[in-house]
Structure formats: C-alpha cells, structure tokens
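Colleague:
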Amino acid sequence: MTKSLVIVESPAKAKTIKKFLGKNYTVKASVGHIIDLPKSKLGIDIDDDFKPQYITIRGKGPILKEIKAEAKKAKHIYLATDPDREGEAISWHLSNALNIKPDVACRIEFNEITKNAIKSAIKKPRTINKSVVDAQQARRVLDRLVGYKISPLLWRKMRKGLSAGRVQSVATKIIIEREEEINRFVPEEYWSLILKVENSKKEKLQLKFYSDDLGNKDIKNEKEVNSIIEKITNKKLIVTDVKQGTKKRNPYFPFTTSTLQQEASNKLGFSTKKTMAVAQQLYEGIDLEKEGTVGLITYIRTDSTRLSEEATKSAKNYVLDNLGEKYISEGIKSTPKKKQDIQDAHEAIRPTDISRKPDAIKGSLSRDQFKLYKLIWERFVASQMTAAIYDTLTIELKVEDIIFRASGSRLNFDGFLKIYSFATASEEINLPLVKVGEEMDIRDILPNQHFTQPPARYTEASLVKTMEELGIGRPSTYSPTISTILSRGYVEKEGKHLKATELGVLVTEILNEYFTDIIDINFTADFEKSLDDIAEGKEDWHQLIKNFYDIFEKMLNKAEEDIEEIDMVEESDEDCDVCGAKMLIKYGRYGKFLACSNYPECTSTKPIIHKIGVKCPKCQEGEIVERKSKKGRIFYGCSEFPRCKFVSWSKPINEKCPQCNDLLAQKINKKSEKVVCTNKECKYEREIKAD
C-alpha cells in the first residue's frame, strides 16, 4: 500500500506520532523552520512591496532533500506543524517547496499528541490559511526591518554586538521605568497600633487600630499615635459589633502560557525559559513505562482558559469518583474577563489524560518534568472543583470613640484546596466568641513605626504578567524576549529580580529619543491587534508595513545624522599585570571587563572585581568578591583564587558567629531572609526581621 507522509517540526513529536499512525505512514521532522529570511542580509525587497527573499536555512538542505524524496513516494502529504501562526507559516513554506497546490487540503492540526487527536486530525485536513501566514509574515518582516536597520546604527555609533527589537526594547524599557520609579520614591512614615486585651474569662485577643474619634484610618506620625495611646490608657474597651459570616475562595482557572510561566516561577523557582523547555518535552511525548511514548499535556502556547466539553467531563468524573459529589463545581464556571486580543484558538494547558496521575508516572519523568506536570495536572482538576469556604468572625471594639478590630477565619470546607497543593494556605486565626456590650481590659499597647516601600523590581513572572496585560507580544514570545534581553546584557538578574544594566539604560535612552514610536507600548500593542486583523483577512499586510516604514525611514535618517559616536571605553585605576599600562573598562558579551590599553601589543584581560568589604575567613589575606557562575548566578569567593578556594552562595557579612566564631552570611530565599554561619557544621541561624 502507498504510504502517506506526515511532516512535523520536532523529532520527538515525530517519534510519538509514528507510534499512533502505524506502518502505512511515514513521519518526518523538519526540525523547526526549513525556509526563512537570510541571516547575513536584510532579505526584504523594500522597493518591491516589501517582498521577503526566502532561502533554505544553512544546514537544512539535507533535511529538505530527504523530505522531498519521501514526498515523491507518498500518495498523501499531511503538514502537521504546530497549531499557531508560526506553524502555519512553516507549513506554507513546506507546501511551496513540495509544489503542493494552494487548493489541496494538506494541513492538519491537533491540540494534543494522543492517538485519538492524531487519528481525528488525519480525517479532517484543510487548506493552508494564507491570512494566518500573512499575519506571521507581517510580524517577521516588521521585526526584521526594526532589528536589521537599527542594530547596525547602534554598532556604528556605540559598539558591535548591540541589537534592538520591537518587543525586546519595550520589555527593557518597562524594567528601566520601574527602576526610575523606585529611585523617585520618597518613603512616607506611618504607624500601626496593636492592643493585646483580655476579657473576664481570661481569654486573650489581639486588636488592630481601625479608626480614631474623627474617623481617620491612618496614623501618620508619632504625635498622632501618642495622642491615641494617651486617650485609651487605663480605659476599658467595649464590644460594639460582632459579625459572623462565610467567605469563598474560588479555584483558579486552568493554565494559559502566561499563568503557567508565572506559577512555575513563583512555586517551583523555574525561569520562563526552563518552564517552556520542560513543557515542550511533556507536550511532544514522554516514554512511559507501560504505554510507550505519549504526549502528556496539550499545546503549550495559548492565551485561552477554555476547556473542551470532553476535558471538563473527565475532570468532573475524576472528582466524583475520588472525592465525592460535594467537591464538583456547580454549573459552568465563569471565564475571566476577556481581553480583545485573546486569540482563543486553543484550549487551556491541561493533561491529555486525567487518569495519568503525577505520582503514578513519576518513575518515567525527570525531577523537573514531574514538578511541572504535577502543577498542570492539579491546576486542571482543581479548576472544576468547588470553592473553599471559610467561617469568618469580625469583632469591633470601642474606647473613647476610637475603634479597634479583630478578624479571624477558619477553614470550613477545603473544596479545590483538597487537590491543588500549590495554593498558598490562608492562616487560620481563632477568636473567642464575645457578646456586644462585653468589656475588655488592655494588657499591652504596641505602637510600631513603618515606612511605605517602593514598588518591587520585576521578576520574570511579574514581567510576563505585565507584558500580557499591556498586550506586548504573544504567548510564544514572552520567554525568548526575556532570554534575549538577559543574553544581550541589557538586563541582569539580582536574585530573582530583573535590573537594567548601564548598557541597557544607554541603548534605551537612544531608542527612546530617536525611535519613540517603535518602543512605545501602545504601538507594540496596536501592532498585535493589526496582526489579528490580518489573520482574519480584514487587513492587508503589505499596507500595514508600508505605513510603518514611511515613518520609520524618516526616524532612521534623523538618527543617522544626529546621533554622535559614543566612546564606550573608560580608563580604570588599575594597571596591567603584564606590561604595566593602564587597564581600560570595556563591554563584552557578558558585561564589563578590564583590557590592557596597550592592545594589540598586550592582550591581557581580567574581570572587574566587586569587593564587598569583608576579609576572607579561610586565608585571612584576600577579600571576598562578588562573582558570577556560567549561568549568571551570583556567588562569593576569595580574591586570591585559585590559591584560596573559599566560595559561598550566601553573601558574607562583617560579623562573627556567636557559637563557633566563623563568618556569618546573609541567606535569602523565596520564604525568608536569614543570617547563617558559613561553617557547614555549625547550625547557627537567625531571621532578619524587616518592616
């Protein structure tokens, strides 16, 4: 029997699909794009209506040759690239290379790599959607124009290796604006006031200040807090109101790309890049002990929380069989308020088969695969469960018309929390049952001074959330955008937080001055909406690019004329260890470094060392300096390395351990900030308390 040819993007996916289709099908992988714009030149004919000049990607010739050979032998050809715009474009390039006519139904798509989904897709091929291809072409052409026109300008005016991009430059700008906001922030003083009280039954209660006798709910300074303390000292509090009630904690929606990246960052400590890499493995197929290779989750690039009727039914049946009817959500759960730019082409990210419980297949998964699969599986099941219900109690007490309150809650019914182990637990506070009119005695008065805090720097998770809210990029672009600005040296990580580098600030200042519209948040968001219109056949992509380029070209010409060359080399205070000449501060791929000013006669280089003002506890001669690992993680070591090999992931401080007299260090993680001993055998530690 004549075989049919199925072309997918990745070898892992090809292996999984081949298992489902059997011997009458040949499955080949294109290994991503086979045809694309050339890397060595612009590759766009601006004078010919911005026509892209596509070529076979270097190194992909043998793959294309093999696919063409199989295509000649096949009776049917099915293009099964990813079900998104980029996948549609890859299928279009393949159809042209294989001389498939535009009216031939050769395109198949599926949201999950399971036997039923693949067999069903084979039965329903369609023609390639040229409007969707055009939307992808418009994105590719505009991004190529921005990158390949601005980047050489930055090379000439600043230094080689710099780049600019429509989304990456906006993301860098957002991080810089947050830093500026932090720098402008002026702390404001405020006070809290807590009372420890006791009733006639010796039951204790802790109250918080609610409002003063004039109705003010804020205590701004020490004078105000002392005035309140003076009024209530040696007075009795009277219970004026007791409210009992319930509150619901609703389950979370199943994952989109954005929320998966955020939750994996917050709960698992994964970077966006790691999350997407592991999720891709789960989607393309894992070799399970009893089943063979199978895709464990649905397609991972989506901005929809929608679930199929079949998926919803399977989740509810699982809950019914394992937990009982009271845990099943009543009716149809409402979806989040839709943004206009949600494509809603795919379901939310969910397990392909709910019966594959995480613990049951743990032996077939790597540690990271298990963690992420467990997160996705639990979130999906929990999304179809009832809300958690808390009993609440609020007590209001008065003294001299000054109101104090105490609020407590207790979990009455766990609902979705029964399954979703990643939910942050609400702290239970038990309060005594009191009656209106009951008196209480003040046992302690605890005033506390505080200062308002500046907004926090972005983490990868919070940056993804902001980009999604502003309509910048799409699910497929969040992770590569963050990876790009980190690798280019425009942004660096301090712990989990993102901070713009001097280079990032300098490049962004130039782009902001001469290419304002390009790195404008509204322009980037509006462009995404225009791409949606092109995909729906409502707008012509050539006209969109022409309108953009007419303005962009004028910006380029002005920037070329006005921007003066910037010497990015500074003289340092250090002398060269080889020839004695002054060392220069230069920028490299991994940030600043020192290079001899006598180059090329002397090629000596060395890293810039950041001392933290602490002597090395091991050799007592060197100083502790801040260093970076190959993955960019900060650690601390001795300046006399390699002679002294002292290293610490925690930042040493100028303080000795009270137990063993070794050096102490500052240890920060997601949950706490501690001072710990650098001596691994000593268990001394203490919490760092901050307002």
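Counting in the UniProt record's numbering, the sequence shown runs from 1 upward without gaps.
Note that the Cβ used here is the ideal one computed from N, Cα and C, for glycine as well.
So Gly-87 is in the alpha helix (DSSP H); what residue range does that whole segment cover?
Modeller: Its alpha helix (DSSP H) spans residues 85–97.
Colleague: Can you give, in chain order, each stretch of the alpha helix (DSSP H) that sits fully within the UniProt domain "Toprim" (3–113) and has at least 4 residues?
Modeller: 11–21, 61–73 and 85–97
Colleague: Could you give the distance in angstroms between the alpha-carbon of Asp-532 and the alpha-carbon of Ala-525?
Modeller: 11 Å
Colleague: Would you tell me roughly how many angstroms separate the C-alpha atoms of Lys-418 and Arg-410, rounded to the nearest one?
Modeller: 15 Å
Colleague: Whose C-beta lies closer than 7 Å to the C-beta of Thr-56 among residues of the same chain, with five residues either side of it excluded?
Modeller: Ile-34, Ile-35 and Leu-64
Colleague: On a Cα-Cα basis, can you pick out the residue from Ala-406, Arg-443, Leu-214 and Gln-449 that is closest to Leu-431?
Modeller: Ala-406
Colleague: Taking the alpha-carbon positions, what's the Glu-31 to Glu-70 distance?
Modeller: For the record, residue 31 in the displayed sequence is Val; it is not Glu. Whole-angstrom Cα-Cα distance: 16 Å.
Colleague: Just curious, the beta strand (DSSP E) that Ser-169 is in, first and last residue?
Modeller: Secondary structure note for Ser-169: it is in no beta strand (DSSP E), and the uninterrupted alpha helix (DSSP H) holding it is 166–184.
Colleague: In whole angstroms, give me the CA-to-CA distance for Val-491 and Leu-463.
Modeller: 12 Å
Colleague: Distance check for Lys-316 and Cys-677, CA to CA, integer angstroms please.
Modeller: 50 Å
Colleague: Alpha carbons only, please: which of Asp-391, Thr-256, Lys-130 and Arg-356 is nearest the one belonging to Lys-290?
Modeller: Arg-356
Colleague: Is Arg-139 buried or exposed, if buried means 16 or more other CB atoms sit within 10 Å of its CB?
Modeller: buried
Colleague: Considering only DSSP beta bridges, list what His-346 is partnered with.
Modeller: Note: His-346 sits in no beta bridge, so no partner.
Colleague: I'd like to know whether the C-beta atoms of Cys-616 and Ile-624 end up nearer to each other than 7 Å.
Modeller: yes
Colleague: Using C-beta distances below 6 Å, list every residue in its chain close to Asp-45, excluding the 5 sequence neighbours before and after it, in chain order.
Modeller: Excluding residues up to 5 positions away in sequence, Lys-51 lie with their Cβ nearer than 6 Å to the Cβ of Asp-45 in the same chain.
Colleague: Comparing alpha-carbon positions, which option in Lys-231, Ser-479 and Ala-559 lies nearest Arg-459?
Modeller: The amino acid at residue 459 is misidentified as Arg; the sequence shows Thr. Among Lys-231, Ser-479 and Ala-559, the Cα nearest to that of Thr-459 belongs to Ser-479.
Colleague: Are the region 270–279 and the region 423–438 touching, with three or more C-beta to C-beta distances below 8 Å?
Modeller: no
Colleague: With which residues is Glu-636 paired in a DSSP beta bridge?
Modeller: Sequence check: residue 636 is Tyr here, not Glu. Beta-bridge pairing links Tyr-636 to Glu-626 and Ser-648.
Colleague: Looking at the strands, I want to know which residues DSSP matches up with Cys-596.
Modeller: Met-583
Colleague: If contacts are defined as beta-carbon pairs under 8 Å, then Arg-385 and Ile-328 qualify, I think. What distance do you get, rounded to the angstrom?
Modeller: The question names Arg, but residue 385 in the sequence shown is Met. So it is a contact: roughly 7 Å between Cβ atoms.
Colleague: Can you list, in chain order, the residues of its chain with a C-beta nearer than 8 Å to that of Asp-241? Leave out the 5 residues immediately preceding and following it.
Modeller: These residues qualify, in order along the chain: Thr-394, Ile-395, Glu-396 and Val-436.
Colleague: Using the rule of at least 16 other Cβ atoms within 10 Å of the residue's Cβ for burial, across every protein chain shown, is Ala-559 buried or exposed?
Modeller: Buried, because 16 or more other Cβ atoms sit within 10 Å of the Cβ of Ala-559.
Colleague: Going by C-alpha distance, which of His-497, Ile-442 and Gly-489 is nearest Pro-455?
Modeller: His-497
Colleague: Does the Cβ of His-346 have 16 or more other Cβ atoms within 10 Å, making it buried, or fewer, making it exposed?
Modeller: buried
Colleague: Thr-298 and Asn-111 - do their beta-carbons sit closer together than 7 Å?
Modeller: yes
Colleague: Within 10 angstroms of its Cβ, does Val-6 collect 16 or more other Cβ (buried), or is it exposed?
Modeller: Flag for Val-6 reads buried.
Colleague: For the alpha helix (DSSP H) containing Gln-384, name the first residue and the last one.
Modeller: No alpha helix (DSSP H) holds Gln-384; DSSP gives it neither H nor E.
Colleague: Return the residue from the list Gln-449, Asp-134, Leu-154 and Gly-165 that minimises the CA-CA distance to Gly-147.
Modeller: Gly-165
Colleague: Within the continuous alpha helix (DSSP H) that includes Asn-412, where are the two ends?
Modeller: Asn-412 -> not in any alpha helix (DSSP H); beta strand (DSSP E) instead, spanning 402–413.
Colleague: Could you give the residue range of the beta strand (DSSP E) that holds Asn-448?
Modeller: 439–451
Colleague: Figure out for me which residue from Ile-354, Asp-520 and Ile-563 has the closest Cα to the Cα of Leu-506.
Modeller: Ile-563
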